[in-house]
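Asker: Going by this note's numbering, the letters in the sequence shown line up with residues 5 to 162, in that order. Cβ atoms here follow ideal geometry from the backbone N, Cα and C, with glycine treated the same way.
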Amino acid sequence: MLRLRPDGGVRLSEVAKGLASSSATASDAVSALVKKGLVSREQAADDRRAIAIRLTSQGQKQAEQAASWPDFLLSAVEELSQEEQTVFFRALTKMIRKLQEQGKISPSRMCVTCQYFRAHVYDDPDRPHHCDLVNAPFGDRDLRLDCLEHQERISAQT
Ligand code: SF4
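1) Measure from the C-beta of M5 to each C-beta in chain B and report whether the shortest distance is under 7 Å.
2) Report, in whole angstroms, the separation of the C-beta atoms of C135 and F142, which I expect to be a contact under 8 Å.
3) Is it buried or exposed for T117, if we count other Cβ within 10 angstroms and need 16 for buried?
4) Is R94 near the ligand SF4, going by C-beta to nearest heavy atom under 6 Å?
5) With DSSP run on the structure shown, which of helix, strand or coil describes A160?
6) Should G107 go down as buried or exposed, given a rule of 16 or more other Cβ atoms within 10 Å for buried?
7) Jot down the residue ranges of each uninterrupted beta strand (DSSP E) in the stretch 11–57, minimum 3 residues, whole runs only, in chain order.
8) Consider the C-beta atom of Y120 and the heavy atoms of the ligand NAP; say whether any pair is separated by less than 6 Å.
9) Could you name the residues that DSSP lists as bridge partners for H134?
10) CB A20 to CB A30, shorter than 7 Å?
11) Given a cut-off of 7 Å, decide if A67 and A56 are closer than it, judged by their beta-carbon atoms.
12) Going along the chain, which unbroken runs of the alpha helix (DSSP H) with 4 or more residues stay wholly within the stretch 54–101?
13) Here's the rule I'm using: 16 or more other beta-carbon atoms within 10 Å means buried, otherwise exposed. How should H154 be labelled?
14) For R148 and K98, I'd like the C-alpha separation in whole angstroms.
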């Protein structure tokens, strides 16, 4: 979350929501990262009373590493055909969504929970879905797990 919001920073309440934890727990986690020099707490540019949490340059480097898939997983996925990768990714997306619905992991900004997402509106098997935001079709391979433009909607599609 912090990696994707380098400019404005993130408020503590958003961090707590992202971690699916209380503000106190999120505050402890942020304090630990501040002590390690990975995160800074500064006055928010748009609200003098608010605190914005940002990655330091060292934190940014570590976040980039953490966000990339471990090499052994990537090489295993590369062994799959393109079709198998698509099926795997779609199944992974469904599993994440189910775990989110069950409250076992925190919500993320996935296409399948976005108000701009239209599932299976085209006959083209490679690009059956539509994103209203960019007004373009796309396929399962391009379903996003963490989109900055995501807008939550009340009921999700598959
Ligand atoms: S705005 Fe992002 S999350 Fe929403 S449908 Fe388009 S690509 Fe997916």
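Answerer: Taking the coordinates as given:
1) You won't find chain B in this structure, because it holds only one protein chain.
2) Approximately 6 Å separates the beta-carbon atoms of C135 and F142; this is inside 8 Å, confirming the contact.
3) Label assigned to T117: buried.
4) Distances between the C-beta of R94 and the heavy atoms of the ligand SF4 are all 6 Å or more.
5) Residue placement at A160 cannot be trusted, given a pLDDT of 46 that sits under 50; what the coordinates show is reported in the next sentence. In the structure shown, A160 sits in coil (DSSP, three-state: anything other than H, G, I, E or B).
6) exposed
7) Counting only unbroken stretches of 3 or more residues, the beta strand (DSSP E) elements lying wholly within the stretch 11–57 are 43–48, in sequence order.
8) Among the ligands present in this structure, namely the ligand SF4, the ligand NAP is not found.
9) Checking the DSSP bridge columns, you'll see H134 partnered with R122, P141.
10) yes
11) no
12) 61–71, 75–82
13) buried
14) Going from the Cα of R148 to the Cα of K98 covers about 12 Å.
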